[in-house]
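For the sequence shown, position 143 matches number 136 in the numbering used here, and the numbering has no gaps at all.
From the three backbone atoms N, C-alpha and C, an ideal C-beta is built for every residue, glycine too.
Notes follow the structure.
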Amino acid sequence: MTTKKRGLLSSTKTLVILSLLCALSIVLEKFVGINTPVFRLNLGYLPVALSGMLFGVGGAVFVGTLADLISHMQYFNIFFALLAMVESAIYGLFLNPIAKDKKDMLKKSITCQLVITLIVHAGMNTLLLWVLYRSFNPIRFVSGALSFPLRAATLYFLLKYREQFEKQII
C-alpha cells in the first residue's frame, strides 16, 4: 500500500496555524505600530515572514494575501493584493531554506528585506500609486529607509529562533 504525498494546505493543523498567523498579521497591522497618513510602521509583516519561514512560499502567500484582503476590505484594489502576494512570496523564497550559521542568517534577512524594500515598496508600489492616483510621495522613500533596519533585525531574530518555532508550531 502506497501513501500519497499530501499538499501543503491539506492538513487541518497547518490551515489552523496559517489562519492564526493571518489573524495575528491583521491585528499587528491595524492596532500595533505607528499609523499616520504620511508614515506607517507596523509589525504586520512578521506573521507573514514566519509563515514563509515555516511553510514556504505557499503558506506565506496564503497568509499575506488573506491578511491584505481582510484588512483592506473597505478600499480593496486587486493590484495592491497582487503586491501583497509578491511580498509574501519573497518572504517564502528567502526565509524558508534553513540558514547554516548566524552570518548566513544575517545575510538572508538583510537581502530579503532589501529586495522587498527596493523592488516591492519603493518600486512597484510607488509605480502603482502613480498609475492609479497620479500621486508621488517622496516621504515613502524616507519611511522605507527608516523602517528597513527594524524589519531586517526582526527577520534576523525570527531566523535565529527558527528551531524553537518549528518545535512549538509544527
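- Query: Around the Cβ of Ala82, are there at least 16 other Cβ atoms within 10 angstroms (buried) or fewer (exposed)?
  - Reply: buried
- Taking 7 angstroms as the cut-off, decide whether the C-beta atoms of Val56 and Leu14 are in contact. yes
- Query: How big is the Cα-Cα spacing for Val166 and Gly137?
  - Reply: Residue 166 cannot be examined here, being either before or after the span of the chain that is shown, -6 to 163.
- Message: Quick check on DSSP: helix, strand or coil for Asn130?
- Response: coil
- Beta carbon proximity, Leu43 to chain E, threshold 7 angstroms: Considering every chain present, this structure includes no chain E. It has just one protein chain.
- Across which residues does DSSP place Gly45 in a beta bridge pair? Gly45 is not bridged to any residue.
- Query: Beta-carbon separation of Ala77 and Asp61 under 7 angstroms?
  - Reply: yes
- Which residues in the same chain have their Cβ closer than 8 angstroms to the Cβ of Phe158, if we skip the five residues on either side of it in sequence? Leu43, Met46, Leu47 and Leu151
- Burial state of Lys(-2), where buried means 16 or more other Cβ atoms lie within 10 Å: Its pLDDT being 48, under 50, Lys(-2) is placed unreliably in this model, and the value from its coordinates should be taken loosely. With fewer than 16 Cβ atoms within 10 Å of its Cβ, Lys(-2) is classed as exposed.
- How far does the beta strand (DSSP E) with Ile27 in it reach, from first residue to last? Gly26 to Asn28
- Item | Met(-6) burial status per 10 Å Cβ neighbour count (16 or more: buried) | Note that Met(-6) scores a pLDDT of 36, beneath 50, so its modelled location is shaky; the value from the coordinates is reported in the next line. Exposed, since its Cβ has fewer than 16 Cβ neighbours within 10 Å.
- Ignore the nearest five residues each way along the sequence and tell me which others in Gly37's own chain have a CB closer than 6 angstroms to its CB. Ser18, Leu21 and Glu22
- Ser64: which of Leu122, Ile109, Leu121 and Phe24 sits nearest, CA to CA? Phe24
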